[in-house]
Amino acid sequence: MLPAMIDIGVNLTDKRFADDREAVIERAREAGVSRLILTGTSLECSERALALCERFEGQLYFTAGVHPHHASEFGADSQRALESLAAHPACVAIGETGLDFCRNFSTPAEQTAAFERQLELACSTGLPLFLHEREAHSRQLDMLRACRDDFERAVAHCFTGTREELYGYLDLDLHIGITGWICDERRGAHLLPLLRDIPPGRLLLETDAPYLTPRDLRPKPKSGRNEPAYLPHIARRVASETGETEAALRARVLANSEAFFGL
């Protein structure tokens, strides 16, 4: 029997799961994905993730954070609300947080301020960071470097960057989250040779569902929606590049995930 898997990044509160969340969780379990970590991208989203975790105790965990797209919503009460969420036993990380200068749905100044507060929270709670970054790598590295001695762990969620960017994170002892982006021959081919550069203990796997459905998945899901049940497909793709058996790869990533999130 293959080792179980943990999907470290699932947007299960997304409206695309509104009609069948329980079925999605069950399909994941049947596929060998026994635990899901729900991504908090706003206070409201984090609170809904917490409620789901209380319904599915032991199967679901969540991150509490404000995504850079929502940084403009980060007000005077946001830090207190995040502190309360972070104290819940099912909360395993602070985030999704970071910088996104690609779309700038919130201004760079708003993003920086919200990120600073969430960095402080990770430092004070000892919880790991669940990081997002787009077109802001240098600035994000500078901010992480400035407080690297004060936070425990961090993962570059949904890493899609260059070799130079990968080594920027690795030099700070960060973990790397890999998604079905590697299954996209148009956009993800550059990542495949980088998989061997990720130290064995720092690789984590995620779907980022309902986004980033693996392009080479057969049969293609009629809805086009990604699900945690497809995580083993990503694991097989990674194993084929690293030269490991699927069982060995899954065992390694399971150990990494449990250690990183304290499960």
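For the sequence shown, our numbering assigns the number 259 to the last residue and increments by one with no breaks.
Every residue gets a Cβ at the ideal spot worked out from N, C-alpha and C, and that includes glycine.
All figures in this text were calculated on a predicted structure; none of them were measured in a lab.
- Taking all protein chains shown into account, do 16 or more other C-beta atoms lie within 10 angstroms of the C-beta of Ala150, making it buried, or fewer, making it exposed? buried
- Query: On the three-state DSSP scale, how would you describe Ser74?
  - Reply: helix
- Query: Would the beta-carbon of Thr93 fall within 8 Å of that of His65?
  - Reply: no
- Message: Give me, in chain order, the residues of the same chain whose beta-carbon lies closer than 6 Å to that of Asp169; leave out the 5 immediate sequence neighbours on both sides.
- Response: none
- At what residue ranges does the region 64 to 114 contain a whole run of the beta strand (DSSP E), taking only runs of 3 or more? 87 to 96
- Taking Cβ positions, are Thr264 and Thr209 nearer each other than 8 Å? The chain is shown only over -3 to 259; residue 264 falls outside these bounds and no answer can be derived.
- Message: Looking at the secondary structure, which residues open and close the beta strand (DSSP E) in which Arg31 lies?
- Response: Secondary structure note for Arg31: its beta strand (DSSP E) is the uninterrupted segment Val29 to Leu34.
- Query: Buried or exposed: which applies to Leu259, given that a residue is buried once 16 or more other Cβ atoms fall within 10 Å of its Cβ?
  - Reply: In summary, Leu259 is exposed, with fewer than 16 beta-carbon neighbours lying within 10 Å of its beta-carbon over all protein chains present.
- Is there contact between the region 52 to 62 and the region 28 to 38, where contact requires at least three CB pairs shorter than 8 Å? yes
- Beta-carbon separation (whole angstroms), Gly173 vs Gly5, contact threshold 8 Å: 6 Å
- Is the Cβ-Cβ distance between Pro224 and Val88 less than 8 Å? no
- DSSP state of Val151, grouped into three classes? Strand at Val151.
- Query: According to DSSP, is Thr121 helix, strand or coil?
  - Reply: helix
- Message: Would you call the region 40 to 49 in contact with the region 98 to 118, where contact means no fewer than 3 C-beta pairs closer than 8 Å?
- Response: With the cut-off at 8 Å, the region 40 to 49 and the region 98 to 118 do not touch.
- Could you check how far apart the C-beta atoms of Phe256 and His171 are, in whole angstroms? I think they sit under 8 Å. 6 Å
- Query: Looking at the structure shown, is Phe52 part of a helix, part of a strand, or coil, going by DSSP?
  - Reply: Coil at Phe52, not helix or strand.
- Message: To the nearest angstrom, how far is the alpha carbon of Leu191 from that of Leu250?
- Response: 17 Å
- Message: Tell me which residue opens and which closes the beta strand (DSSP E) that Ile178 is part of.
- Response: Careful: Ile178 lies outside any beta strand (DSSP E) and carries neither H nor E.
- Taking Ala14 as the reference, which of Pro195, Leu48, Asn252 and Arg76 has the closest Cα? Ranking Pro195, Leu48, Asn252 and Arg76 by CA distance to the CA of Ala14 puts Leu48 first.
- Is the beta carbon of Phe97 sitting closer than 8 Å to the one on Leu125? In this structure, Leu125 does not lie closer than 8 Å to Phe97 by Cβ.
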